[in-house]
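Mapped onto the numbering used here, the consecutive letters of the sequence shown carry residue numbers 128 to 205.
This report refers to the structure that appears directly beneath it.
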Amino acid sequence: MLLNLRSLCNPDRTPRFLRCPPTAIYALDELTCWPEGKPVSRHARIAKQQYYWAVWHPGKIERPSFWWLSTKQFRNPQ
């Protein structure tokens, strides 16, 4: 699940993560989101926020591993 990094430390999420923790957390160094996936849309605006991937494996409850992911290879060189 792709989540906003701020939500990782949200007090409302703590009980859920303690009950069913993700198996792995991957922090993304940068991610630009475009509404409707169209950067040329007249309603488009850049949403720069920090995100992470949370990964769960059913039935597996242990401390999550943590790693960093770079989005550099996926960015448009323009």
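Even for Gly, the Cβ is constructed at its ideal location relative to N, Cα and C.
Measuring alpha carbon to alpha carbon, tell me which residue in S192, W194, F193 and P185 is nearest R146. P185
According to the neighbour-count rule (16 or more other Cβ atoms, all chains shown, within 10 Å of its Cβ), is P142 buried or exposed? exposed
Top-ranked residue by Cα proximity to Q200, from Y178, F193, Q176 and E157: E157
Under three-state DSSP, which class holds Q200? helix
Can the beta-carbon of P191 be found less than 9 Å from the beta-carbon of A151? yes
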